[in-house]
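In the order they appear, the protein sequences are chains A and B.
Mapping to the working numbering: the first sequence position 19 is 80, numbers consecutive.
Mapping to the working numbering: the second sequence position 79 is 88, numbers consecutive.
Right, one structure below, let's go through it.
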Amino acid sequence: MSITAKDVEHVANLARLTLTDEEKEQFTGQLNAILKYAEKLNGLDTTGVEPTSHVLPMSNVMREDAPRSSLPIEKVLRNAPEAEDDQFKVPAVLE
Amino acid sequence: MSLFNLRLSEVHDRLHHKDLSVRELVEASAARIAETDGKIGAFLALNEEGALAQASAMDASGAAERGLLYGLPAGIKDNIVTEGLRTTCASRFLANYDPIYDATVVEKLKTAQSVTMGKLNMDEFAMGGSNENSAYQLTRNPWDTDRVPGGSSGGSAASVAAGQVYFSLGSDTGGSIRQPAAYCGIVGLKPTYGLVSRYGLVAFASSLDQIGPLTKNVEDSAYVLQAIAGHDKRDTTSANVEIPDYTASLTGDIKGLRIGVAKEYLGEGIDPQVKARVMEALKTFESLGAVWEEVSLPHTDYAIATYYLLASSEASSNLARFDGVRYGVRAEDPANLLDLYKRSRSEGFGPEVKRRIMLGTYALSSGYYDAYYKKAQQVRTLIKRDFDQAFERFDLIVGPTAPTTAFRIGEQVGDPLTMYLNDICTIPVSLAGVPAISVPCGLADGLPVGLQIIGKPFDESTVLRAAHAFEGMTEFHKLRPAL
């Protein structure tokens, strides 16, 4: 499997990145090299091997659904690039 | 002699007898930072005023009950959030980020009463092994300022090695505490996954990330681990296990301990001098009554490919939060919301971060998930089994921490794959989630070599006991760079 510049563009869009032409060319080469290296995994038979997403033998950590106080609004908005009326502000979403 | 060469118990004795004040300790740290950081570049942000005020207050109140790390100047890696102290992850994206809460480990350090001197440089979002991926500055190895300190916790390692702070905290995803500790000639411990809370650690690869101490000796490592370990309700991957008394495990007695020497970590690509130092270390273990034999971890060769697929996939998901809406640097005059996301991210992230987001997004994308991500998770199971099987026969596994000593700045830039191969001895350990420490085991051409001691899950006590016994028989941990 080999990645083309077009694939790189597609993946960049999925990742919400805009790449320069230079970056596109560089990443096409580098990602191909890394993925070619990763192909060595195909040499291993993993039929019936359970995937490990996590090393700890735990799942579904539960807690009481009890109300707790939340952060004060001025703290929440302290790092906001833009805020208005106690809300994060973004460009218009609907045309 | 630097105050920071004193043992922790000696520092506390002096504080107790008023031969020394916390203010003197903090002033000594600040003076050393001022003297050396122009050359080393370890700090991204300083908390000098806050630290001095805290020190004076501590001296004035003369606390009857002293915390475990009372008065000790500390540095914190810049991906661990600190309220009131800028936290950038060495990324332009977070150039102006002022956290609104403390990470659990930072709260725990406050309880233990250490004094935070500032935030330490790293590879951007902890992606890298040289600190060359910091958006802000190079950190240089105190042993040879033309060389890298390692990474990603390079600032944390260099700062301790240069005697700027008494200890530091780093984070380790694929070797990011152990490898810089090895390159800088200090002690670095990656605890078992889940032992230390990740709450407030900016996530890179959530199934691998773990916070740990960088110190000058093993005893200090045990003290700092004692202070930061423990279950945390705010981190659902935090393990609910009993925390033993780590310093009590430092008995010096390792008679009869069974050590497996990882064959694959001493094979092709390992510098002969690094291998020689490790073989000498085995003689030291022998002299202490431990027994060793070779053990095979047969899937080692697959670890790097597995790691880069899994860690990058997790990173691509974790770093989706950096969208320029709630925090971070937003691109100017966005045309619309999509433009805001894309340009904020593209302007804010450096090349290595983009590369890994791209790799991870590709590995998770429709049509490739089974071939890459799922396959890598299956191989991770095989790698973990290697360790499970070895630990049926051995108490510990040892090998080098890194295949070489610190490389020259610029030497491996532009060749990401070669850079990734530096992590061959640390990555399998991270994938298995087990604890490991790097301790100094000598020099090769004047540069430090690290010995890696790997333990069973949650058996930090045996790891520390063996490391401490080894240290007791050697002088390597006392070697300091000239600077």
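Quick reminder that beta carbons are idealized off the backbone N, C-alpha and C, glycines included.
Enclosing alpha helix (DSSP H) for residue i [first to last residue]
{"i": "C434(B)", "result": "Note, C434(B): premise wrong, no alpha helix (DSSP H); not H, not E."}
{"i": "C98(B)", "result": "Careful: C98(B) lies outside any alpha helix (DSSP H) and carries neither H nor E."}
{"i": "K86(B)", "result": "Element bounds for K86(B): not the alpha helix (DSSP H) but the beta strand (DSSP E), P82 to K86."}
{"i": "L29(B)", "result": "Neither: L29(B) is in no alpha helix (DSSP H) and is coded neither H nor E."}
{"i": "A312(B)", "result": "A312 to N327"}
{"i": "G90(A)", "result": "D82 to A99"}
{"i": "S447(B)", "result": "Counting along the chain, S447(B) falls outside any alpha helix (DSSP H), though it belongs to the beta strand (DSSP E) covering A445 to A453."}
{"i": "L391(B)", "result": "K384 to R402"}
{"i": "A73(A)", "result": "A66 to L75"}
{"i": "V362(B)", "result": "P360 to L373"}
{"i": "G357(B)", "result": "L346 to G357"}
{"i": "L129(B)", "result": "No alpha helix (DSSP H) contains L129(B), which is instead part of the beta strand (DSSP E) from V124 to L129."}
{"i": "R474(B)", "result": "E469 to G481"}
Check: residue i C-beta below 8 Å from any heavy atom of the ligand NAP
{"i": "I446(B)", "result": "Inclusion of the ligand NAP in the displayed structure is not the case, the ligand content being empty and no account of it being possible."}
Member of the options whose CA lies at the smallest distance from the CA of residue i
{"i": "N226(B)", "options": "A491(B), M482(B) and Y377(B)", "result": "M482(B)"}
{"i": "L80(A)", "options": "M367(B), L234(B) and L53(B)", "result": "M367(B)"}
{"i": "G487(B)", "options": "I109(B), C450(B) and I462(B)", "result": "The question names Gly, yet the displayed sequence has Lys at residue 487(B). Nearest option by C-alpha distance: C450(B)."}
{"i": "F403(B)", "options": "D181(B), I268(B), H26(B) and G337(B)", "result": "I268(B)"}
{"i": "N14(B)", "options": "L210(B), Q219(B) and L81(B)", "result": "L81(B)"}
{"i": "P108(B)", "options": "V90(B), S65(B) and V114(B)", "result": "V90(B)"}
{"i": "E484(B)", "options": "S247(B), G194(B) and E302(B)", "result": "G194(B)"}
{"i": "V388(B)", "options": "E70(A), D106(A), E145(A) and N93(A)", "result": "D106(A)"}
{"i": "E469(B)", "options": "P222(B), H21(B), K117(B) and E277(B)", "result": "P222(B)"}
{"i": "A299(B)", "options": "R286(B), K264(B) and V250(B)", "result": "K264(B)"}
{"i": "P437(B)", "options": "A312(B), S139(B) and L492(B)", "result": "A312(B)"}
{"i": "S230(B)", "options": "L259(B), V250(B) and L217(B)", "result": "L259(B)"}
{"i": "D68(B)", "options": "N88(B), F467(B) and V35(B)", "result": "V35(B)"}
{"i": "A340(B)", "options": "S355(B), R330(B) and N327(B)", "result": "S355(B)"}
{"i": "D454(B)", "options": "P281(B), V304(B) and T427(B)", "result": "P281(B)"}
{"i": "L92(A)", "options": "E70(A), G109(A), E111(A) and G104(A)", "result": "E70(A)"}
{"i": "A238(B)", "options": "V31(B), P412(B), Y255(B) and G408(B)", "result": "Y255(B)"}
{"i": "S123(B)", "options": "D332(B), K292(B), Y350(B) and Y232(B)", "result": "Y232(B)"}
{"i": "R149(B)", "options": "L426(B), L318(B) and G47(B)", "result": "G47(B)"}
{"i": "I463(B)", "options": "P457(B), L452(B) and A476(B)", "result": "A476(B)"}
{"i": "E228(B)", "options": "D241(B), R32(B), R243(B) and F176(B)", "result": "F176(B)"}
{"i": "G104(A)", "options": "D310(B), L318(B), T201(B) and S143(B)", "result": "D310(B)"}
{"i": "L17(B)", "options": "V174(B), D111(B), S161(B) and Y110(B)", "result": "V174(B)"}
{"i": "D395(B)", "options": "L306(B), I446(B) and D432(B)", "result": "L306(B)"}
{"i": "E74(B)", "options": "L24(B), Y350(B) and L103(B)", "result": "L24(B)"}
{"i": "K86(B)", "options": "Y371(B), D155(B), C98(B) and L291(B)", "result": "C98(B)"}
Residue i, enclosing beta strand (DSSP E) - first and last residue
{"i": "I406(B)", "result": "L405 to P409"}
{"i": "S497(B)", "result": "Because chain B in this structure spans residues 10 to 492, residue 497(B) falls outside the shown range and cannot be described."}
{"i": "L53(B)", "result": "F52 to L55"}
{"i": "M288(B)", "result": "Taken as a continuous stretch (DSSP letters only), M288(B) belongs to no beta strand (DSSP E), being part of the alpha helix (DSSP H) at P281 to S296."}
{"i": "L15(B)", "result": "Neither: L15(B) is in no beta strand (DSSP E) and is coded neither H nor E."}
{"i": "P457(B)", "result": "L456 to G464"}
{"i": "T113(B)", "result": "Looking at the DSSP string, T113(B) is not in any beta strand (DSSP E); the run it does join, the alpha helix (DSSP H), is T113 to A121."}
{"i": "R149(B)", "result": "Element bounds for R149(B): n/a, residue is neither H nor E."}
Within chain A, partners of residue i - CB distance below 8 Å
{"i": "S305(B)", "result": "Neighbours of S305(B) on chain A: none; closest Cβ ~16 Å, over 8 Å."}
{"i": "Y496(B)", "result": "There is simply no residue 496(B) to check, as chain B begins at 10 and stops at 492 in what is shown."}
{"i": "T245(B)", "result": "V122"}
Under 9 Å from the C-beta of residue i: neighbouring residues of chain B
{"i": "E111(A)", "result": "Q386, Q387 and T390"}
{"i": "L132(A)", "result": "I109 and Y110"}
Chain-ordered chain A contacts of residue i [CB-CB under 9 Å]
{"i": "L224(B)", "result": "A small correction: the amino acid at residue 224(B) is Thr; Leu does not occupy that position in the sequence shown. Ordered by position in chain A, no residue passes the 9 Å Cβ test against T224(B), which lies about 25 Å from the chain."}
{"i": "P425(B)", "result": "Q91, A94 and I95"}
{"i": "Y202(B)", "result": "H115, V116 and L117"}
{"i": "R286(B)", "result": "In chain order: nothing, as chain A lies at least about 29 Å away."}
{"i": "Y317(B)", "result": "I95, Y98 and A99"}
Contact list for residue i against chain A, beta-carbon separation under 7 Å
{"i": "K351(B)", "result": "R77, L78 and T79"}
{"i": "A314(B)", "result": "Y98, A99, K101 and L102"}
{"i": "K383(B)", "result": "P112"}
{"i": "A248(B)", "result": "L117"}
{"i": "L346(B)", "result": "V151, P152 and V154"}
Proximal chain B residues relative to residue i, where beta-carbon distance stays under 8 Å
{"i": "S114(A)", "result": "S216 and Q386"}
{"i": "R124(A)", "result": "K242"}
Would you list, in sequence order, the uninterrupted beta strand (DSSP E) runs of no fewer than 3 residues that lie entirely inside the stretch 165–239 of chain B? 176–181, 196–199 and 219–224
Looking at chain A, which residues of the stretch 174–190 of chain B have a Cβ within less than 9 Å of any of its Cβ atoms? If the cut-off is 9 Å between Cβ atoms, the stretch 174–190 of chain B has nothing near chain A.
Compile a chain-ordered list of the residues in the stretch 136–152 of chain A whose CB is closer than 8 Å to at least one CB of chain B. Within the stretch 136–152 of chain A, K136, V137, R139, N140, A141, P142, E143, F149, V151 and P152 place their CB atoms closer than 8 Å to a CB of chain B, listed in sequence order.
If you measure beta-carbon to beta-carbon, which residues of the stretch 319–344 of chain B are closer than 8 Å to chain A? S325, A329, D332, G333, V334, R335, Y336, G337, V338, R339, P343 and A344
Using Cβ-Cβ distances below 9 Å, what residues of the stretch 65–94 of chain A are close to chain B? Taking 9 Å as the Cβ-Cβ cut-off against chain B, the residues of the stretch 65–94 of chain A that qualify are D68, V69, H71, V72, A73, N74, L75, A76, R77, L78, T79, L80, T81, E84, Q87, F88, Q91, L92 and A94.
Taking a Cβ distance cut-off of 7 Å, strictly less, list which residues of the stretch 97–116 of chain B are near chain A, in chain order. Legend: CB atoms of the stretch 97–116 of chain B lying less than 7 Å from CB atoms of chain A belong to residues Y106, D107 and I109.
May I ask you to list, following chain order, the residues of the stretch 22–37 of chain B that have a beta carbon less than 7 Å from some beta carbon of chain A? none
Against chain A, which members of the stretch 434–456 of chain B pass a CB distance test of less than 9 Å? L440, A441, G442 and V443
Interface residues of the stretch 355–375 of chain B facing chain A [CB-CB below 7 Å]: S355, K363, R364, I366, M367, L368, T370, Y371 and S374
Quick one: which residues of the stretch 390–405 of chain B get their C-beta closer than 7 Å to a C-beta of chain A? List them in chain order. Listed by position, the residues of the stretch 390–405 of chain B near chain A (Cβ gap below 7 Å) are T390, L391 and K393.
Threshold first: 4 residues or longer. Then list the alpha helix (DSSP H) segments lying entirely within the stretch 118–153 of chain A, N to C. 134–137
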